[in-house]
Amino acid sequence: MEQFIAPFLDDNYLIKAKLVNINSDELHHLAKIPSLPRNHKIEDFDELISTYPTGSSRFPHKSNCVRTILALEMPDATRIPRPISHCFGPTITLEIKPKQGFFQTHPGVDVPFCNNCILQIEKWKSANFSSMYDYCPLALYSGERSKMEFALASLIYDPHRNLRIFVDGNSIHDDSDSPTNFDEKVLSELIFPGTPNANIQIFIKIITCILAGVTDDQTTQFSLQQSSVLFDLLKAQKIDNIGIVHAYELYQSLPQNIQRELQKKSNLLGRGLGFLSKIDARSLVERYLLAATMKDCSLMISIRLVDKIGENIVRTFGGGSGFVRVRALDGQSLYFAFSVRIVDLDPKTGKNLESAYARFMAGIALIKSHPNVHRPCITY
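Okay, so the sequence shown: first residue is 0 according to numbering that gives the first Met the number 0, each after it adds one.
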């Protein structure tokens, strides 16, 4: 996807993957790891081979003669990629799916909810979630400090599979933690161990500043900066100028052989970016699908405390790295180095469009039959 994504997003946000050969036997044993308990420690590879049953592998042994497999090797996005002087404490990483950041109108649809909230309401009512969360991406992308902080706090309280928090690469909070058991004090101690002048509210302020491209939370000119990752992502998402309903209608109007081509993840590889300047049905659907990739991506935001004397060093970072200053609970300044990466840029296909459209229309029907089902995203 690099040739299609890079023109729209700052290259510094993108993770550089490389193809590697891996022995199929080794891959078989490595594929046992996803079935192990979260954050389970394995001392060495021999333990993985001897202790855990072969049936637990997500990559079972095949009877054919395959000896090596091509795999993508990617850097660990829960680490700040460059060594930084004057750092101390753990590396804290927030993984978030910010979703579509702008309100879109659709033919025949007149409800005051954004695309994400319509789909989340459908999931909630389909019993995928026990409750509807208060997160709305329109608030996160708004550039208004209070709205952004509320959006992040809502998602931390009830992640709905769209947020995880890591400390030194180990997951400490995700959607497996029930909102009814949410303990802000415990989470604060996990994120900032031994740091009494910082808590989850300080963490939210830090992430809000990073997302908005603001380097100091005490600024009186808080807004979404053009250099910020959210501004970049929002601009990229807006290459979709038709929306899910019209995209589906155009998709259904295409001949079956073209629909089958659009169902392949490799569809765009032979097409290039020429479709962006065309207005035929196929090109408009492809534009929608490319934007959908950037609407469903994840951000990995890693932070680490630095001494004030390290400020000039961190300031030299560019693109997806830098530093931010926030006021701690005791009124003193805290400085954090940060790194932002955009991940999960998986190509979307016609099948994704079919599935999303069905859920979207089911969500619309639910909202129309229960107009007060949730607080609206906008007011007319």
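Every residue, glycine too, gets a C-beta built ideally from N, C-alpha and C.
If you're wondering where the values come from, they're calculated on a predicted model, not measured in any experiment.
Can you grab the Cα-Cα spacing for the pair residue 369 / residue 109, in whole Å?
14 Å
Completely contained beta strand (DSSP E) runs for the stretch 41-127, where each covers 3 or more residues:
67-72, 86-95
Do residue 302 and residue 205 have their C-beta atoms within less than 8 Å of each other?
yes
Start-end ranges of the alpha helix (DSSP H) lying completely within the stretch 10-34, minimum 4 residues
23-29
Residue 202 - DSSP class collapsed to helix/strand/coil
helix
Does the distance from the CB of residue 211 to the CB of residue 221 come in under 8 Å?
yes
Close Cβ partners of residue 70 (< 6 Å) along its chain, the five nearest in sequence each way excluded
19, 21
Quick check: the Cα distance between residue 32 and residue 38, rounded to an integer number of angstroms?
10 Å
Where does residue 39 fall in DSSP's three states?
coil
Which residue comes first and which comes last in the beta strand (DSSP E) that contains residue 325?
320-326
Residues in its own chain within less than 7 Å of residue 128 by CB, not counting five upstream and five downstream?
122, 159
Residues bridged to residue 302 [DSSP beta-bridge criterion]:
91, 337
Buried or exposed for residue 349, please, with buried defined as at least 16 other CB atoms from any protein chain shown within 10 angstroms of its CB.
buried
Residue ranges of each beta strand (DSSP E) run of no fewer than 3 residues wholly in the stretch 161-245, ordered along the chain?
162-166, 169-172
Spatial neighbours of residue 65 within its chain, please: C-beta separation below 8 Å, excluding the five flanking residues on both sides.
23
Within 10 angstroms of its Cβ, does residue 285 collect 16 or more other Cβ (buried), or is it exposed?
buried
Select from 218, 28, 281, 347 the residue whose C-alpha is nearest the C-alpha of residue 255.
281
Applying the criterion that 16 or more other CB atoms from any shown protein chain within 10 Å of the CB defines a buried residue, is residue 74 buried or exposed?
exposed
Per the contact definition of three or more C-beta pairs closer than 8 Å, is the stretch 103-120 in contact with the stretch 177-184?
no
Between the Cα of residue 251 and those of 269, 337, 176, 352, spot the shortest distance and give me the residue it belongs to.
352
Nearest to residue 166 by CA position, among 149, 188, 52, 150, is which residue?
188
Would you call the stretch 286-296 and the stretch 94-113 touching, i.e. three or more CB-CB distances under 8 Å?
yes
Between 199, 227, 68, 249, which has its C-alpha nearest residue 209's C-alpha?
227
Just to confirm my understanding: we take residue 358, look at its own chain, exclude 5 residues before and 5 after, and list those with CB closer than 7 Å. What are they?
118, 121
Going by C-alpha distance, which of 57, 14, 2, 52 is nearest residue 26?
57
With DSSP as the reference, please indicate the residues paired to residue 342 in a beta bridge.
297
Nearest neighbour of residue 356, chosen from 149, 332, 287 [CA to CA]
287
Residues of its chain near residue 7, where Cβ-Cβ distance is below 6 Å and the 5 sequence neighbours each way are ignored
235
Counting C-beta neighbours from all protein chains within 10 Å, is the total for residue 446 16 or more, i.e. buried, or is it exposed?
No information on residue 446 is available, as it lies outside the stretch 0 to 379 that the chain covers here.
Three-state class that DSSP yields for residue 316 in the structure shown:
Residue placement at residue 316 is flagged as unreliable, the pLDDT there being 43, under the threshold of 50; the coordinate-derived value follows with that caveat. DSSP places residue 316 in coil when its eight states are reduced to three.
Hey, does residue 33 have any beta-carbon neighbour from chain C nearer than 8 Å?
Included in the structure is just one protein chain, with no chain C present.
C-alpha distance - residue 72 paired with residue 30, whole-angstrom precision
14 Å
Whose C-beta lies closer than 7 Å to the C-beta of residue 362 among residues of the same chain, with five residues either side of it excluded?
117, 118, 120, 121
Below 6 Å CB to CB, which residues in the same chain sit around residue 133 once its five sequence neighbours on both sides are set aside?
153
Using alpha carbons as the reference points, say which of 223, 249, 13 lies closest to residue 76.
13
Return the CA-CA distance between residue 309 and residue 2, expressed in angstroms with no decimal places.
Below a pLDDT of 50, predicted positions are generally treated as unreliable, and residue 309, at 49, falls in that range; the measurement from the model is reported next regardless. Looking at the two C-alpha atoms, the distance is approximately 36 Å.
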